[in-house]
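Numbering (our numbering), first residue to last: 1230 to 2009.
Backbone N, C-alpha and C define an ideal beta-carbon position, used for all residues, glycine too.
Just so we're clear, the structure is a prediction, and the values are computed from it rather than from any experiment.
Working notes for the structure below.
Here it is in structure tokens:
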């Protein structure tokens, strides 16, 4: 090919060519168009490419090229289009590319480029297509970029490390159609001048640090109705506050995707939301929105995904949601919805995920919902007040992967048709009032990874493949694992053997491990755990309105003992096991209480073994450092890519300790605008500790049931905390809170190791009991 000296245009795109770019192609001095997009070409770009006379269009996209981008390309002054996206280029973008004054298309997406984008790259007025999404580039956008690149049509640099603010000069780019700087580190306000971009159809600033947490953060919405062809608006994952503007109902009728989840926005969904008739995705989750969901949302007939979770919505779930027949995903969990689940949801025949958990829904589960055969990913109705039986129509959920009906008031026998849900991987029915035998048809559910039937009134034998119940025929908690990855079965056996060898009074006891082969010939493992009669710490700290532990309160000494138990268990895992273990998911629901109110740490589903048992296990790496755990209890270093270590467990313990003694969840509604439970307690220490403690812990008698006099006593404590509490109680609470604050510090190295925590908690408790004894003696 190098002999084709007059070759001017060579297009080899969309083939399967491999190997390196041949250097003899540079003998074709007249080659102006050289396109090899979508091949399997490897190696680096040959430096001999500089011998081409006047190339116009180079497209090496979607290949496997490596190395750096040659600076000599900056000498091709006639270059019009340059596309090196979807490769493995490293290094910085050569500043010499700023010499290409006629370059219209500049594409470097999806590489491993780093460094700062030189100002000269932004100073090419002819450029209309400019994208370097998915790299590790950093630096600020030049404030005058809208004037130096006035002809921009596509301007995208998502998934990088850019900082600074969004420049108002972008309003000068009147031809701009796509503006995407999502997943960066941008700060400040969104310019109201975005409304002067008449041709823009995609604006995406998701997952930055935009906003100031002020009411004025959303003022830019007032101008957006002027963007008459806008289809995509992504503003989720920022720091926007203020009230959801009513002007959103006047956005373009072409709007297809609108996301503003993960902010601090309050207010109601305006009734005019039904104007956006072409929406296919609406995400408003993780905000502070409230009020009723308007019936008009049922006018969005094209909607495929609706996410309203983690807000404060109340009232009934609109019947009009049944009109959304294109809907595939519906997330409404963790709100304050009440009433019954609408039967009309059964009309959503394309629904694959339905989550209504964590609300106050009551009545029975409609047959139309429990038998919605399209559900294939998840049906989650947990943590509500649902009653009645589990209907036999559950058999229609043959493709469902997860069924979670836990923590309700469901009654009756489990239907044998549950065994027809042959695709189930996770089955959670714990915390209900089911009775009768466990259906033997569950033997057919060989794809199960998890199953929990605990805290019901079930009896009889566990299906054979799960093992046999203990002699007293009491139901136990069961966890089933399906291991199909390479070496996963061996890893599970090693882990199972390690857990079975652990002997500690404050760890949940594994009764047995079961092994079998599923219908596909894959290895199948399950664990059977000891049953804890007093439930979880979560149920005691935050009793639901269904009467669960509502008549009892944890006293101060009970809480101290629970804190000591958990510290003792973690200290054993961290320092006394042959191979240190990191729990990775410590939270109140994973601290279980037996009939004597002794704590047992359970659920090692996320636990990790340290690769080496060094003298400093806090620095040992683990098998996996993936971000796993429960929001509010995950240390900040995990979110920044840090390795899993025992210091992460210590952070979780610190948060749990603060929750145990304040009675407030780390995700309580009061913790917003930068205030966390750690800061809340730290600011109260030491002089105002009695202002923040859970008043019920100051009740004297550990075992008495709450009655009217107790309620009056709690009210009295609320008014006169510091008068009613002795010095011993005050000093005890200060010391405990200080440990919680130290353990939950931002910097891992400043946290207290668990063996030291255990010793200090024991000393605090002994000192408190001595003080109480002296106080009691002084009364006589």
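Between the options, which lies nearest to residue i when the distance is taken from Cα to Cα?
{"i": "residue 1312", "options": "1321, 1323, 1288", "result": "1288"}
{"i": "residue 1614", "options": "1436, 1974, 1894, 1588", "result": "1588"}
{"i": "residue 1450", "options": "1972, 1563, 1386, 1480", "result": "1480"}
{"i": "residue 1647", "options": "1238, 1634, 1635, 1671", "result": "1671"}
{"i": "residue 1921", "options": "1898, 1887, 1904, 1416", "result": "1887"}
{"i": "residue 1452", "options": "1422, 1300, 1459", "result": "1422"}
{"i": "residue 1883", "options": "1998, 1901, 1905", "result": "1905"}
{"i": "residue 1488", "options": "1513, 1472, 1482", "result": "1513"}
{"i": "residue 1294", "options": "1318, 1301, 1302", "result": "1318"}
{"i": "residue 1687", "options": "1584, 1668, 1300", "result": "1668"}
Rounded to the nearest angstrom, what separates residue i and residue j at their Cα positions?
{"i": "residue 1236", "j": "residue 1280", "result": "14 Å"}
{"i": "residue 1891", "j": "residue 1764", "result": "20 Å"}
{"i": "residue 1978", "j": "residue 1876", "result": "8 Å"}
{"i": "residue 1392", "j": "residue 1414", "result": "5 Å"}
{"i": "residue 1430", "j": "residue 1477", "result": "15 Å"}
{"i": "residue 1255", "j": "residue 1417", "result": "48 Å"}
{"i": "residue 1408", "j": "residue 1387", "result": "9 Å"}
{"i": "residue 1907", "j": "residue 1974", "result": "8 Å"}
{"i": "residue 1806", "j": "residue 1812", "result": "13 Å"}
{"i": "residue 1559", "j": "residue 1734", "result": "43 Å"}
{"i": "residue 1543", "j": "residue 1537", "result": "11 Å"}
{"i": "residue 1358", "j": "residue 1379", "result": "11 Å"}
{"i": "residue 1464", "j": "residue 1435", "result": "5 Å"}
{"i": "residue 1830", "j": "residue 1798", "result": "7 Å"}
{"i": "residue 1586", "j": "residue 1985", "result": "39 Å"}
{"i": "residue 1548", "j": "residue 1576", "result": "11 Å"}
{"i": "residue 1961", "j": "residue 1983", "result": "19 Å"}
{"i": "residue 1283", "j": "residue 1329", "result": "12 Å"}
{"i": "residue 1621", "j": "residue 1454", "result": "50 Å"}
{"i": "residue 1346", "j": "residue 1596", "result": "59 Å"}
{"i": "residue 1848", "j": "residue 1980", "result": "Its pLDDT being 47, under 50, residue 1848 is placed unreliably by the model, and nothing is read from it."}
{"i": "residue 1292", "j": "residue 1349", "result": "27 Å"}
{"i": "residue 1325", "j": "residue 1411", "result": "27 Å"}
Opposite residue i in the DSSP bridges: which residues?
{"i": "residue 1993", "result": "None; residue 1993 has no bridge partner."}
{"i": "residue 1306", "result": "In DSSP, residue 1306 forms no bridge with anything."}
{"i": "residue 1666", "result": "1688"}
{"i": "residue 1679", "result": "1655"}
{"i": "residue 1366", "result": "1344"}
{"i": "residue 1568", "result": "1590"}
{"i": "residue 1486", "result": "1461, 1510"}
Can you give me the start and stop residues for the beta strand (DSSP E) that residue i sits inside?
{"i": "residue 1541", "result": "1541-1544"}
{"i": "residue 1249", "result": "1247-1249"}
{"i": "residue 1463", "result": "1461-1463"}
{"i": "residue 1881", "result": "Where residue 1881 is concerned, there is no enclosing beta strand (DSSP E), although the alpha helix (DSSP H) it sits in stretches over 1875-1891."}
{"i": "residue 1289", "result": "Per DSSP, residue 1289 belongs to no beta strand (DSSP E) and is neither H nor E."}
{"i": "residue 1432", "result": "1431-1433"}
{"i": "residue 1334", "result": "1334-1336"}
{"i": "residue 2078", "result": "With the chain covering 1230 to 2009 only, the question about residue 2078 has no answer from this structure."}
{"i": "residue 1617", "result": "1616-1618"}
Give me, in chain order, the residues of the same chain whose beta-carbon lies closer than 6 Å to that of residue i; leave out the 5 immediate sequence neighbours on both sides.
{"i": "residue 1505", "result": "1484"}
{"i": "residue 1864", "result": "1877, 1880"}
{"i": "residue 1625", "result": "1600, 1602"}
{"i": "residue 1545", "result": "1568"}
{"i": "residue 2003", "result": "none"}
{"i": "residue 1994", "result": "1789"}
{"i": "residue 1969", "result": "1883, 1886, 1887"}
{"i": "residue 2009", "result": "Only weak support exists for where residue 2009 lies, its pLDDT of 47 falling under 50; the coordinates are left without a value."}
Looking only at its own chain, which residues have a Cβ that is under 7 Å from the Cβ of residue i, when we skip the five neighbours before and after it?
{"i": "residue 1723", "result": "Because the pLDDT at residue 1723 is just 47, under 50, the model does not fix this residue reliably, and the point stays unresolved."}
{"i": "residue 1923", "result": "1890, 1891, 1892"}
{"i": "residue 1572", "result": "1595, 1597"}
Can you give me the start and stop residues for the alpha helix (DSSP H) that residue i sits inside?
{"i": "residue 1966", "result": "1956-1972"}
{"i": "residue 1498", "result": "Residue 1498 -> no alpha helix (DSSP H), and no H or E assigned at all."}
{"i": "residue 1912", "result": "1906-1913"}
{"i": "residue 1446", "result": "Where residue 1446 is concerned, there is no enclosing alpha helix (DSSP H), given that its DSSP letter is neither H nor E."}
{"i": "residue 1633", "result": "No alpha helix (DSSP H) contains residue 1633, which is instead part of the beta strand (DSSP E) from 1631-1633."}
{"i": "residue 1787", "result": "1785-1800"}
Identify, in the order they occur along the chain, each residue of the same chain with its Cβ nearer than 8 Å to the Cβ of residue i, setting aside the five sequence neighbours on each side.
{"i": "residue 1309", "result": "1285, 1286, 1331, 1332, 1333, 1334"}
{"i": "residue 1640", "result": "1616, 1617, 1618, 1661, 1662, 1663, 1664"}
{"i": "residue 1991", "result": "1793"}
Verify the CB distance criterion: does residue i have a CB-CB separation below 7 Å to chain B?
{"i": "residue 1957", "result": "In the displayed structure, chain B is absent; only one protein chain is listed."}
The ligand GDP and residue i: does the residue's C-beta get closer than 6 Å to at least one heavy atom of that ligand?
{"i": "residue 1263", "result": "The ligand GDP is not part of the structure shown, which contains no ligands of any sort."}
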